[in-house]
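Colleague:
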Amino acid sequence: MARTVIAGNWKMHGLKADLEVVQAVADGVAGTPDGLEVLLCLPATLVVSGAELASGTKLEIGGQSCHQAGRGPHTGDISAEMLADAGASHVIVGHSERRADHGESDAQAAAQAEAAIAAGLIPIICVGETLAERDSGQALEVVTKQVAGSVPEAGAETPVIVAYEPVWAIGTGRTPTPEQIAEVHAAIRAALAERFPATGSQIPLLYGGSMKPGNAAEILAVGDVNGGLIGGASLKAEDFLAIYAAAANQLS
Ligand code: PGA
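If you want the numbering used here, it's the 1-based position in the sequence shown plus 75.
Laid out in structure tokens, this is it:
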């Protein structure tokens, strides 16, 4: 059985003043039950101070992307080791916004996930179809191909997380039906279980895309959904903590 993970993704939001949200979340998750992991993936500029605030609490801090190389001439990039050194425990790779804005491929996501694992971070590997792909009946094919290409072999032995985020649901207020989510998560689970017979069933599968307090309980109850990757609703402590509470309730 996979553990449950509630992860916030602040994207390109957050100034020093917003560390009060990190503090409020850290305070709010003090009673986190076993089997629930809760984290905020902050912009790189806030990782050090966020990790200091979260230190000694149940809240963990993640980055949002890392370069696949360990170091070198890559102006503006950040390595997995730098994130780990700054206090991060997780990093998102292959987010659809990275794929769209920076042309990142499945192979790059896999290489970044490998770099993350080598640095001791848990990669959160994102996949998801566009609206055109869903409308033309290709959602399952697209997503399983992304999983095959973006999850590295090292996923067999080390903790990795996979997030299904339909591109058309991100930041739009639209969400797939529970049946649509169940169908995709079952396909991802089957692909991972086949590829990694010993560990595939333990890889947390998160849903992401317009998850909010009002729909979290319903989405988290869907089969093979082991948590959420939350963008907009993670910017407000009250909303993020309400989603966290929905996950904690389902575990108790
Ligand atoms: P959203 O973003 O919750 O704002 O839709 C989710 C994500 O992109 O991780």
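Don't be surprised by glycine CBs; every beta carbon is placed ideally from N, CA and C.
Consult DSSP for leucine 90 and reduce its assignment to one of helix, strand or coil.
Modeller: Coil at leucine 90, not helix or strand.
Colleague: Candidates Pro108, Asn84, Ala77: which alpha carbon is nearest isoleucine 245's?
Modeller: Nearest option by C-alpha distance: Asn84.
Colleague: Could you spell out the range, first to last residue, of the alpha helix (DSSP H) harbouring glycine 125?
Modeller: Run containing glycine 125: 119–129, per the alpha helix (DSSP H) assignment.
Colleague: Would tyrosine 282 pass as a contact of tyrosine 239 if the rule is Cβ separation under 9 Å?
Modeller: Yes.
Colleague: List, from N- to C-terminal side, the beta strand (DSSP E) runs of 3 residues or more that fit wholly inside the region 192–240.
Modeller: As far as the region 192–240 is concerned, its whole beta strand (DSSP E) runs of at least 3 residues are 197–202, 236–239.
Colleague: Tell whether a beta-carbon distance below 9 Å holds between glutamate 135 and leucine 114.
Modeller: Their beta carbons are under 9 Å apart, which means glutamate 135 touches leucine 114 by this criterion.
Colleague: Using a 10 Å radius around the Cβ and a threshold of 16 neighbouring Cβ atoms, would you call alanine 105 buried or exposed?
Modeller: Exposed.
Colleague: Taking Cβ positions, are isoleucine 59 and alanine 182 nearer each other than 9 Å?
Modeller: Examination of residue 59 is not possible in this model, given that the chain is present from 76 through 327 alone.
Colleague: For alanine 214, which residues of its own chain have a beta-carbon under 7 Å away from its beta-carbon, when the five flanking residues on both sides are left out?
Modeller: Only Glu204, Glu208, Val259 meet the Cβ criterion.
Colleague: According to the Cβ coordinates, are serine 24 and glycine 162 closer than 9 Å?
Modeller: As displayed, the chain neither begins before 76 nor continues past 327, which places residue 24 out of reach and without an answer.
Colleague: Give me the residue from Cys201, Val80, Val226, Val297 with the minimum Cα distance to proline 251.
Modeller: The option with the nearest alpha carbon to proline 251 is Val297.
Colleague: Which first and last residues belong to the alpha helix (DSSP H) in which alanine 320 is found?
Modeller: Looking at the DSSP string, the run of the alpha helix (DSSP H) that includes alanine 320 is 312–326.
Colleague: Using only the alpha-carbon positions, how far apart do valine 97 and glycine 125 sit?
Modeller: Straight-line Cα distance between these residues: approximately 7 Å.
Colleague: Under 8 Å, with one C-beta from each stretch per pair, do the region 217–236 and the region 170–187 reach the 3-pair mark?
Modeller: Yes, the region 217–236 is in contact with the region 170–187.
Colleague: Pick out whichever of Val123, Glu228, His165, Ala257 has its Cα sitting closest to the Cα of glutamate 293.
Modeller: Of the listed residues, the one whose Cα sits closest to glutamate 293 is Ala257.
Colleague: Reducing DSSP to helix, strand and coil, say where serine 276 ends up.
Modeller: Looking at serine 276 - three-state DSSP - the assignment turns out to be helix.
Colleague: With a threshold of 8 Å, establish whether the CB of threonine 247 neighbours any heavy atom of the ligand PGA.
Modeller: It does: the Cβ of threonine 247 is within 8 Å (strictly closer) of some heavy atom of the ligand PGA.
Colleague: Could you tell me whether the Cβ atoms of isoleucine 199 and isoleucine 167 are closer together than 9 Å?
Modeller: Result yes, Cβ atoms of isoleucine 199 and isoleucine 167 sit closer than 9 Å.
Colleague: Expressed to the nearest angstrom, what Euclidean distance is found between the alpha-carbon atoms of aspartate 210 and tryptophan 243?
Modeller: Roughly 11 Å separates the two Cα atoms.
Colleague: If you check the beta carbons only, do serine 171 and cysteine 201 fall under 9 Å apart?
Modeller: Cβ atoms of serine 171 and cysteine 201: closer than 9 Å.
Colleague: When the Cα atoms are used, what is the spatial distance from threonine 35 to methionine 286?
Modeller: The structure shown does not extend to residue 35, since the chain spans only 76 to 327, so no value can be given for it.
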